[in-house]
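Going by the working numbering, the sequence shown wraps up at 323, each residue one higher than the last. Scroll down for the structure; my scribbles are underneath it.
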Amino acid sequence: MYSQIAANKRKTVFMMVVFVLLIGGLGWLFGEYSGQPAITPYVLIGAVIYAAISYAAGSKMAMALNKAQQIEKKDNPRLWRIVENLAITEGMPMPKVYVINDKAPNAFATGRDPNHAIVGVTSGLLDIMDDQELEGVMAHELGHVKNYDIRVSMIAFALVAVISILADIMLRLTWFRGHDNNNNSGGQVFFVLGIVAAILAPLVATMIQLSISRKREYLADATGALTTRYPEGLASALEKIGAYGSVLKKGNPSTAHLFFANPLRKNSLSKLFSTHPPVAERVRILREMGRGA
Numbered sequence: 031m032y033s034q035i036a037a038n039k040r041k042t043v044f045m046m047v048v049f050v051l052l053i054g055g056l057g058w059l060f061g062e063y064s065g066q067p068a069i070t071p072y073v074l075i076g077a078v079i080y081a082a083i084s085y086a087a088g089s090k091m092a093m094a095l096n097k098a099q100q101i102e103k104k105d106n107p108r109l110w111r112i113v114e115n116l117a118i119t120e121g122m123p124m125p126k127v128y129v130i131n132d133k134a135p136n137a138f139a140t141g142r143d144p145n146h147a148i149v150g151v152t153s154g155l156l157d158i159m160d161d162q163e164l165e166g167v168m169a170h171e172l173g174h175v176k177n178y179d180i181r182v183s184m185i186a187f188a189l190v191a192v193i194s195i196l197a198d199i200m201l202r203l204t205w206f207r208g209h210d211n212n213n214n215s216g217g218q219v220f221f222v223l224g225i226v227a228a229i230l231a232p233l234v235a236t237m238i239q240l241s242i243s244r245k246r247e248y249l250a251d252a253t254g255a256l257t258t259r260y261p262e263g264l265a266s267a268l269e270k271i272g273a274y275g276s277v278l279k280k281g282n283p284s285t286a287h288l289f290f291a292n293p294l295r296k297n298s299l300s301k302l303f304s305t306h307p308p309v310a311e312r313v314r315i316l317r318e319m320g321r322g323a
């Protein structure tokens, strides 16, 4: 498990390098197409500053987007006690606890590191879970905290936002300047490159983010099961969520990867860009863990 945590930290650095290269490439295309290549380093610096601000404020932004409310022990002693006991078991600081007023059963974790972590649930999850199931879900979310998945998620959230903004600016610039380059072969080349980059860059960035998210769900399941020593609790919680449905009334695609189960409505596009592996597969692996214990 500790080797996996170390690997997660290395992957964070790798992912940052890949995203910086994407941002740098977009900045170069932006500079060349606008006829001012000297602005490329300024675009890169501005993007990094924006990403840093988004990263620092990402948790608050995510909570605001999902209308989550922070609670204290007196507000929900049951939830607070479970989170507190799990944090003590793992030797981790007590995270902030939030609740989303939504009937769909779901949970989430976010933050920069274990010292700045947030975990939470929907009101619907509290209504349908027994204590062992709720403990399994929260152990999973604290697994994301322990494994530093929350840091990777926040970095990915910030960098994908930067790339999307740059791509949108490039697409608009390409559209408005396209007619100026109709008689210029070099301009036509950059016109095509600009459109391709503006469309593909955010897709590539999102695919990288989602691929990492899916793999880390399995690791968080395993971490949670090892914490509680009862994989069946988490498996049963997953089955209940699969039966009830995890779609939030106002699910936001930009924060979908923070949730325990997919909070977005299912269609062909959401399946392609799903941040979560199939529930049935997660349950199968957990049950195998239980049989092997």
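Backbone N, C-alpha and C fix where the C-beta goes; we use that ideal spot for every residue, glycine too.
| Item | Value |
| --- | --- |
| Same chain, Cβ closer than 6 Å to residue 278, five either side skipped, listed in chain order | 132, 134, 293 |
| Cβ distance (whole Å) where residue 73 is taken to contact residue 61 below 8 Å | 7 Å |
| Member of 252, 77, 198 whose CA lies at the smallest distance from the CA of residue 311 | 252 |
| Residue interval of the beta strand (DSSP E) (run including residue 100) | 98 to 101 |
| Contact check, residue 101 vs residue 125, beta carbons under 8 Å | no |
| Spatial distance of residue 59 from residue 197 (CA atoms) | 10 Å |
| Where residue 291 falls: helix, strand or coil (DSSP) | coil |
| Per DSSP, the bridge partner or partners of residue 128 | 100, 150 |
| Residue range of the unbroken beta strand (DSSP E) whose run includes residue 87 | No beta strand (DSSP E) contains residue 87, which is instead part of the alpha helix (DSSP H) from 70 to 95. |
| Euclidean distance between Cα positions of residue 49 and residue 291 | 26 Å |
| The alpha helix (DSSP H) enclosing residue 134, as first and last residue numbers | Per DSSP, residue 134 belongs to no alpha helix (DSSP H) and is neither H nor E. |
| Counterpart residues of residue 285 in DSSP-defined beta bridges | Residue 285 is not bridged to any residue. |
| For residue 266 and residue 99, the rounded distance between their alpha carbons | 27 Å |
| DSSP three-state assignment for residue 251, whether helix, strand or coil | helix |
| Option in 289, 81, 314 with minimal Cα separation from residue 193 | 81 |
| For residue 168, the first and last residue of its enclosing alpha helix (DSSP H) | 161 to 176 |
| Nearest-angstrom Cβ-Cβ length linking residue 137 and residue 127, presumed shorter than 8 Å | Incorrect: roughly 11 Å between the Cβ atoms, too far for contact. |
| Residues near residue 162 in its chain [Cβ-Cβ closer than 7 Å; skip 5 each side] | 260, 263 |
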